[in-house]
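**Q**
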Amino acid sequence: MSPEPQAGLSQEEAMDIEKKIESSDSDFEYDLKAPGLFNQTDLNDLIRDLGLSKSASEILASRLKERNLVTKETRISYYRTKERNLLKYFAEEDNFVFCKDISGLMAAMRLKNYTSNEWRLFIDSSKRSLKCVLLHNGNKLGSLPIANSTKAKEEYTTIALILGKIKYEEHKWLICVDLKMVSFLLGQQGGYTKYPCFLCLWDSRAKSQHWTKRDWPPRVALVPGE
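Numbering-wise (this note's numbering), the sequence shown opens with residue 11 and increments by one.
Here's what the structure looks like:
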């Protein structure tokens with residue numbers, strides 16, 4: 011079937027244009043590039059950015075391997091025991107799991123230029139758990155959990171125990187806590203049930219005055235009974 015001549019063109023000119031179009035179509039080549047495969051390092055970075063758990067990481071790696079999107083050297087089982095190299099820096103004693111070698115852990119995490127004044131110690135206590143986490147100043151690096159317990163009691167002796175185990179006196183981090191934890195650190199929890207505040211003599215038992223009395227006498231001593 012001859013092509014319909016376009017306005018201003020003869021039938022021969024229209025057929026010549028049609029042949030050129032068909033010729034150019036046959037010479038067209040698709041630019042199909044091979045997909046970039048994930049190696050172990052690339053896959054680890056992706057999983058870290060997504061914040062996946064161990065089981066979710068293994069599922070993702072398995073799905074990518076099924077579609078041939080990972081290199082031959084990439085191991086799916088890597089995520090089952092990825093913490094194995096770090097276990098030697100931790101210990102379990104007195105209902106606590108804690109880091110016994112902070113400097114070694116930092117080196118294993120590729121933080122060779124570790125200085126304690128660039129980190130601060132965050133302590134969080136609740137009825138369910140007690141945890142200690144190192145936070146980097148400026149948040150340029152991720153947080154680093156160094157102690158945890160789900161059985162320890164919420165009291166001064168517990169806080170003193172864990173500070174000793176993580177060798178706080180050796181590192182002297184700046185401590186970040188809430189006011190309740192400040193009372194624990196000052197040793198008030200055992201002797202100041204009536205006056206729990208470390209700043210003033212706020213009477214916890216005078217409930218009738220909690221919403222009416224604004225000014226309380228300042229605390230002048232941190233000795234139980236005074």
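All C-beta atoms in this analysis are idealised placements derived from N, C-alpha and C, irrespective of residue type, glycine included.
A quick note: this is a predicted structure, and the numbers were derived from the prediction, not measured.
#1: By the three-class DSSP mapping on this structure, what secondary structure does F194 have?
#2: Could you tell me which residues DSSP pairs with N158 in its beta bridges?
#3: Look up H146 in the DSSP assignment and give the residues it is bridged to.
#4: Let's see if you can read the secondary structure: which residues bound the alpha helix (DSSP H) around I259?
#5: Excluding the 5 residues flanking A101 on each side, which residues of the same chain have their C-beta closer than 6 Å to its C-beta?
#6: When we look at the beta-carbon of S87 and count the other beta-carbons within 10 Å, is it buried (16 or more) or exposed?
#7: Grab the span of the alpha helix (DSSP H) containing L184 for me, first residue to last.
#8: Suppose the cutoff is 6 Å on Cβ atoms and the five residues either side in sequence are ignored; what does the same chain contact list for Y205 look like?
#9: Below 7 Å CB to CB, which residues in the same chain sit around L79 once its five sequence neighbours on both sides are set aside?
#10: What first and last residue would you give for the alpha helix (DSSP H) that runs through G114?
#11: Taking I57 as part of the alpha helix (DSSP H), name the residues at either end of that continuous run.
#12: Drop a sphere of 10 angstroms on the beta-carbon of K175, count the other beta-carbons inside from all chains shown, and report buried for 16 or more, exposed for fewer.
#13: Using the Cα positions of R58 and F208, report the straight-line distance between them to the nearest angstrom.
#14: In terms of residues, what are the limits of the alpha helix (DSSP H) holding H181?
#15: Which residue or residues does DSSP assign as beta-bridge partners of A101?
#16: Identify whether S6 lies in helix, strand or coil by the three-state DSSP scheme.
#17: Which value, in whole angstroms, describes the spacing of the CA atoms of D10 and I112?
#18: Which residues in the same chain as G148 place their Cβ atom closer than 8 Å to its Cβ, once the five residues preceding and following it in sequence are excluded?
#19: In its own chain, which residues sit with a C-beta less than 7 Å from the C-beta of E128, not counting the 5 before and 5 after it?
#20: Measure from the alpha carbon of E103 to the alpha carbon of each residue in S136, K161, M25, then state which is nearest.
**A** A quick look at the data gives this:
#1: Working through the sequence shown from its first residue, we reach residue 194 at position 184. The DSSP-derived three-state label of F194 is helix.
#2: Within the sequence shown, residue 158 is the residue found at index 148, counting from 1. Answer is V107, K141.
#3: As a working mapping, residue 146 is identified with position 136 in the sequence shown. Looking at the DSSP output, H146 sits in a beta bridge with W129.
#4: Examination of residue 259 is not possible in this model, given that the chain is present from 11 through 236 alone.
#5: Within the sequence shown, the letter at position 91 stands for residue 101. If you ignore the 5 residues before and after A101, its C-beta comes within less than 6 Å of the C-beta of K110, all in its own chain and listed in chain order.
#6: Looking up residue 87 in the sequence shown gives position 77. S87 counts as exposed, since fewer than 16 other beta carbons sit within 10 angstroms of its beta carbon.
#7: By 1-based counting over the sequence shown, the position of residue 184 is 174. No alpha helix (DSSP H) holds L184; the beta strand (DSSP E) holding it covers 184 to 186.
#8: Along the sequence shown, read from residue 1 onward, the residue named residue 205 stands at position 195. Around Y205: L211.
#9: By one-based count along the sequence shown, residue 79 stands at place 69. Answer for L79: P45, L47, F48, listed in chain order.
#10: On the sequence shown, position 104 is the one that residue 114 refers to. 112 to 118 is the extent of the alpha helix (DSSP H) around G114.
#11: Along the sequence shown, one-based indexing puts residue 57 at 47. Start and end: 50 to 60.
#12: Taking the sequence shown and counting its residues from 1, the one referred to as residue 175 is at position 165. Flag for K175 reads buried.
#13: For this step, residue 58 is matched to residue 48 along the sequence shown. For this step, residue 208 is matched to residue 198 along the sequence shown. Straight-line measurement puts the Cα of F208 at about 41 Å from the Cα of R58.
#14: Within the sequence shown, residue 181 is the residue found at index 171, counting from 1. Start and end: 178 to 181.
#15: Translated into the one-based positions of the sequence shown, residue 101 becomes position 91. Note: A101 sits in a beta bridge opposite F108.
#16: This structure gives no information on residue 6, because the portion of the chain shown stretches from 11 to 236.
#17: Because the chain in this structure spans residues 11 to 236, residue 10 falls outside the shown range and cannot be described.
#18: Reading the sequence shown from its first residue, position 138 is the one you call residue 148. Cβ within range, chain order: n/a, list empty.
#19: The residue given as residue 128 occupies position 118 in the sequence shown. Closer than 7 Å at Cβ, skipping near neighbours: H146, N147.
#20: The residue you call residue 103 lines up with position 93 of the sequence shown. Of the listed residues, the one whose Cα sits closest to E103 is K161.
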